[in-house]
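Here the structure is laid out as C-alpha cells; the discussion comes afterwards.
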Amino acid sequence: MEVMDKLTILADAAKYDAACTSSGVTRGGKPGTIGTAANSGCCHTFSADGRCVSLLKVLYTNYCCYDCAYCVNRRSNDVPRTAFTPRELAELTIQFYRRNYIEGLFLSSAVLKDPDYTTERMIETLRLLRTQYRFNGYIHAKAIPGADPGLTYALGLLADRLSVNIELPSESSLRLLAPDKSRTAIFKPMAQIRDGAAQSKAELKLYRHAPRFAPAGQSTQMIVGATPESDRHILSLTEGLYHKYRLKRVFFSAYMPVSDHKSLPAPAGFKPPLLREHRLYQADWLLRFYGFTAGEILDEAHPNFDAALDPKSDWALRHPEFFPVEVNRADYEAILRVPGIGMRGAERIVAARRYGPLSFEGLKRLGIVMKRAQYFITCSGRMLPGLRFSRDSVYRRLTGLEQAALGGGESWQQLSLFGGEGGSV
Amino acid sequence: MTAYRYDGTFAGFLTCVWDALERKTDPEAFLLPDGGASLWEVWEPATDREKARRLYTALKKRVSPAFQKLIARGFLTCLPEKELALLTLIRRGLAEGGRVRLDLSDPVMARVNLALTKMWTEWDHLKGFVRFSDLDGVLVGEIEPKNRVLPLLAGHFAARYSGERIVLYDRTHHEAFLSDRGRWKLVPAEDFRMGPAGETERSYRAMWRKYYKTIAIEGRTNPKCQSTHLPKRYRHVMTEFLTDEEMEGALPERSPARPLGDGTKKD
C-alpha cells in the first residue's frame, strides 16, 4: 500500500481525537537537529470544521483487538486496515515539518496484538525520529492503557506530552461501552505519568542532564453526549483530574454517531452536542485561568449549563452580591470575574490604573468591550451614565448577545436538543 | 507647516525625530521617497546613523528598555501615520520617563498598542501559516503580510531549520529572508516568484492536501469558525488551499476579484 493511502486511512481513524495542541514546552534550536518548540504552541492551519491543526495526527495502526462501541476502529467495524512502518512515519513527519505544515507528531494507535507490542512499535518510531532524524520538535504520544510501565516510561522520554484518554465520564458508561477497558487500567498510567514527570522535574534541579520525562505534561479526553452524565458530573471530574493528576488539559469531544450499538444514541437524526461541548470548554477555561471552582459554576440546583448563556455570565447573574466591581480598586481576580473581561483585559486594567484613574471612555480605549461588562462594573464609584436595567433585562440582553455570537441560525436551534433545562441528551 | 521626507528606514525615521526635537516643531506629516508632491514645505534630512543610534540609546536609558522596544516594534506595524504617533510618544517618553508606558488609555498610546497587538497576531499566525516548498534542496516560501513581520519571523525560522537553506519572500514590503544553515540576513528584493515544483515536492504537497481534507470531521463543518482562526487573506499562498492549476506553476497573485479557496474545493 502507498504511503498516501496509509496516511488517508490512519488520519481518518485518528481525527476524532480532539487534542491537537503543541503547547507546554519551550525548546530552542540546536545545531545538527531540526525543530524547536514554543510554550504557547502553534496552529499551522484550521480544517473545514474550524479545528486547529498543529500536529500530524495519525494512528500507528488501526488494527485493533478491542471492541469499544463508541470507536470507529473497533474490531467489529468493517473498515480498511493498515499500519505504518516506523521509517515511513518518521520520513513523513520530517518532510511535513520541513515545509512548515506541522509543529510535530501526535502519535496514537489502536491496540495491535496487545498493549506492550503496540507501545514498542510507537517507541521505535519515536526513537528513529529523535535519534536518526535528529527531530527536536514537538511529539505527543498516546500511552496505551495496560502497557508495561517500563515501556510507558520509555515512551515518555521520547515524547513531550503523553496522554491517556479516559474515554467516558463514568465507570458504568465505560463498562457498558468499552468492555475491554477498565477505569483502573486508565488511571494507572495517568498516575504513573504524573509521578514520572514530578520525579524528572526534581532530578533536573539536581542534574542538568537528567532525562526529561514528558516535559509538556499530560492531557486526556472524554466523549460527551454518548452517555447520560450531567454537565456537573463532567466538570467535577475535570476539576479532579487537574488537581489529582496534574493534567495540563482535559479535552471534550462531542459524540459523533459512528455506531448503531444499542446502548448509544441512534445515529439516525442524531446531532452531535456541539454547543454542550462548547459550554464545557468555556467552563474548563474558567477552571484553569479564571479562578473558578466546579462547584461555583454548577451545583445541585443547576446541574447543567444554561444553553442560552455562557457559564461566566450565568454565574454573574446568580451572584448579584458580587457586583458591581470597581475597576479602579478591585483585585485582578475580581475583575476577571466580570463577564466580557478576559485575562488580557484585566491585565491591561491593572496596569493602566497605575498611571491614573480609568473612566468608561478610557476602558473602551484599552480595548474593553462594554457590551457585557457594562452591567457589572463601576468607574470611580459610578455606573455607566444613562444605563438602566433589571436582572431580567440583563438576562435578555446577554442571551441576545450570546445568540448573535453563536451565529444565530442553526447552532442556536440545536439548543432544542438540550431541552429547557439544558444538559444531557 | 512642514512635512518630513525620509527613506523609509528606522534610522531615517529616528533622524527625522532628532531634527523635530531639535527644531521644537512637529512635522505635519511624514513622506516616503515615492510620496509625491506635498502642499507643505518639505524637510528632507539625510539619514544619519549616528544620530539614530544616540536617540535609540536614549530611548532605553532615559525612558526605559520596554519603551525603546515599543518604538522599534511600533515602527514595523502598518498603522497609518505611525511616524506621527511614534513621534508623539517619543516626545512624551523623554519628558515623563518610563511611566508613560502605562498610560494605556491615552488615545495615541491606545492606537499604537492596538496596532502592535494586531502585528503580533499576524506574526503568530504566520509562524504557522507559512508554507515552504523544497525546490532543489532550498526551502522557498512567499508571504503577503500587512505588517512588516519578516524581521520578527527571521529568528524563528533560522533556529527551527538550522540545517537548511531558506528563502522567504515578503511581497508587501519587497524584502527577502535568506538563511544558510542558521546564518541569516534580510535583503530588499523588488520581485520574486517561486519556481515550479519537482516530483517529490509535488507528492508531499498532495499528501498534505489529502491529510488536510481527511482530518476534518464532516458532521462539524464550520466555515465561520474556520475563517475566524484562519482569515482568508492568508490562504492564497497556502498549499492546502490552492487549486490544481495553481499547484502546477508559481503561487498565485492576490487579486480581490479572485474567490479565495474555502478548503472544500475538489482535489
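So the sequences go chain by chain: E and P. Sequential numbering from 201 applies to the first sequence in the working numbering. Sequential numbering from 24 applies to the second sequence in the working numbering. For every residue, glycine included, the Cβ atom is placed at its ideal position computed from N, Cα and C. Since this is a predicted model, take the numbers as computed values, not measurements.
DSSP three-state call for residue i: helix, strand or coil?
| i | result |
| --- | --- |
| ILE386/E | helix |
| TYR263/E | coil |
| VAL253/E | strand |
| GLN614/E | Note on GLN614/E: pLDDT 45, under 50, position unreliable in the model; the coordinate value appears next. Residue state, collapsed to three classes: helix. |
| VAL123/P | helix |
| TRP63/P | coil |
| LYS141/P | helix |
| SER308/E | strand |
| THR226/E | coil |
| GLU526/E | strand |
| GLY97/P | helix |
| LYS342/E | strand |
| MET201/E | coil |
| GLN482/E | helix |
| ILE234/E | strand |
| GLY567/E | coil |
| GLY164/P | strand |
| MET24/P | coil |
| VAL625/E | Because VAL625/E carries a pLDDT of 25, less than 50, the predicted location of this residue cannot be relied on, and the following value inherits that uncertainty. Residue state, collapsed to three classes: coil. |
| ALA290/E | helix |
| VAL272/E | coil |
| ASP267/P | helix |
Residues of chain E with CB closer than 8 Å to the CB of residue i, please, in chain order.
| i | result |
| --- | --- |
| TYR227/P | GLN295, PHE296 and ARG299 |
| LYS247/P | GLY250 and GLY607 |
| GLY205/P | GLY229 and PRO231 |
| MET142/P | Simply none; closest approach about 15 Å. |
Can you name the residues of chain E whose CB is closer than 7 Å to the CB of residue i?
| i | result |
| --- | --- |
| LYS233/P | MET204, LEU207 and THR208 |
| LYS150/P | CYS242 |
| LEU137/P | GLY567 |
| SER87/P | In chain order: nothing, as chain E lies at least about 14 Å away. |
| ALA182/P | GLY228, GLY229 and THR236 |
Could you say which of the options lies nearest to residue i if we only look at CA atoms?
| i | options | result |
| --- | --- | --- |
| TYR555/E | LEU107/P, ASP126/P and VAL163/P | ASP126/P |
| LEU259/E | ARG251/E, LEU207/E, GLU496/E and PRO280/E | LEU207/E |
| GLY160/P | PHE492/E, ARG298/E, ASN277/E and ARG596/E | ARG298/E |
| HIS21/P | VAL253/E, LEU358/E and GLY346/E | The structure shown does not extend to residue 21/P, since chain P spans only 24 to 290, so no value can be given for it. |
| LEU374/E | ARG582/E, THR245/E and CYS268/E | CYS268/E |
| THR599/E | ASP514/E, ILE302/E and ASN365/E | ASP514/E |
| GLY221/P | VAL163/P, GLY31/P, LYS105/P and PRO103/P | VAL163/P |
| ALA290/E | ILE234/E, ASN528/E, ASP460/E and LEU498/E | ILE234/E |
| ALA508/E | TYR595/E, ARG227/E, THR352/E and MET204/E | TYR595/E |
| HIS166/E | PHE296/E, PHE451/E and VAL279/E | There is no way to answer for residue 166/E, as the model of chain E reaches only from 201 to 625. |
| GLN603/E | ASP510/E, ARG582/E and GLY417/E | ASP510/E |
| GLU271/P | THR237/P, ARG256/P and MET217/P | MET217/P |
In chain P, which residues lie with their C-beta within 9 Å of the C-beta of residue i?
| i | result |
| --- | --- |
| ARG554/E | ARG122 and LEU125 |
| PRO472/E | ILE240, GLY242 and ARG243 |
| PHE451/E | Within chain P, no residue comes near PHE451/E; the closest Cβ sits about 14 Å away, beyond 9 Å. |
Strictly below 8 Å CB to CB, what residues from chain P border residue i?
| i | result |
| --- | --- |
| ARG548/E | LEU127 |
| ALA551/E | LEU125 and LEU127 |
| VAL253/E | TYR235 and ILE238 |
List, in chain order, every chain E residue whose beta-carbon is nearer than 9 Å to that of residue i.
| i | result |
| --- | --- |
| SER156/P | ARG299 |
| GLN91/P | Those within 9 Å of GLN91/P in chain E number zero; the least Cβ separation is about 18 Å. |
| GLU187/P | ILE234 and ARG298 |
| LEU162/P | ARG298, ARG299 and ASN300 |
| MET293/P | Absent from the model: residue 293/P. The displayed extent of chain P is 24 to 290, so no value can be given. |
Cβ closer than 7 Å: which chain P residues qualify as neighbours of residue i?
| i | result |
| --- | --- |
| CYS579/E | Near CYS579/E there are no residues of chain P at all, since even the closest Cβ is about 11 Å away, more than 7 Å. |
| ASP212/E | THR237 |
| LEU558/E | SER128 |
Can you confirm whether the segment 73 to 88 of chain P touches the segment 27 to 44 of chain P when touching is taken to mean that 3 or more C-beta pairs between the two stretches lie within less than 8 Å?
At 8 Å Cβ cutoff, the stretches touch.
Completely contained beta strand (DSSP E) runs for the segment 433 to 460 of chain E, where each covers 3 or more residues
Along the segment 433 to 460 of chain E, the beta strand (DSSP E) occurs as fully enclosed runs of 3 or more residues at 449 to 454, listed in sequence order.
Could you check whether the segment 276 to 285 of chain E touches the segment 335 to 352 of chain E, counting it as contact only if at least three pairs of C-beta atoms, one from each stretch, sit closer than 8 Å?
no
Determine contact between the segment 217 to 237 of chain E and the segment 416 to 426 of chain E, defined as no fewer than three beta-carbon pairs at a distance below 8 Å.
The segment 217 to 237 of chain E makes contact with the segment 416 to 426 of chain E: 3 or more CB pairs, one atom from each, lie closer than 8 Å.
Touching by the beta-carbon criterion (3+ pairs, under 8 Å), the segment 490 to 508 of chain E and the segment 532 to 544 of chain E
The segment 490 to 508 of chain E, when compared against the segment 532 to 544 of chain E, does touch it at the 8 Å Cβ threshold.
Every unbroken alpha helix (DSSP H) within the segment 349 to 383 of chain E, with a cutoff of 4 residues, ordered by chain
Listed in chain order, the complete alpha helix (DSSP H) runs (minimum 4 residues) inside the segment 349 to 383 of chain E are 349 to 358 and 371 to 377.
Contact between the segment 62 to 73 of chain P and the segment 101 to 119 of chain P: three or more CB pairs below 8 Å?
no
Touching by the beta-carbon criterion (3+ pairs, under 8 Å), the segment 207 to 218 of chain P and the segment 167 to 179 of chain P
The segment 207 to 218 of chain P vs the segment 167 to 179 of chain P: in contact.
Entirely within the segment 168 to 220 of chain P and at least 3 residues each: give me those beta strand (DSSP E) ranges in chain order.
188 to 193, 198 to 203 and 206 to 211
Do the segment 129 to 149 of chain P and the segment 90 to 103 of chain P touch if we need at least three Cβ pairs shorter than 8 Å?
In this structure the segment 129 to 149 of chain P touches the segment 90 to 103 of chain P; the number of beta carbon pairs closer than 8 Å is three or more.
Would you call the segment 381 to 394 of chain E and the segment 346 to 353 of chain E touching, i.e. three or more CB-CB distances under 8 Å?
The answer is yes - the segment 346 to 353 of chain E touches the segment 381 to 394 of chain E, with three or more Cβ pairs under 8 Å.
Contact between the segment 242 to 251 of chain E and the segment 236 to 249 of chain P (3+ Cβ pairs under 8 Å):
yes
State whether the segment 562 to 570 of chain E contacts the segment 542 to 550 of chain E, with contact taken as three or more CB pairs (one from each stretch) at a distance under 8 Å.
yes
Would you say the segment 139 to 150 of chain P touches the segment 571 to 591 of chain E, given that touching needs at least three Cβ pairs under 8 Å?
no
Taking three-plus beta-carbon pairs below 8 Å as touching, is the segment 318 to 332 of chain E in contact with the segment 224 to 232 of chain E?
no
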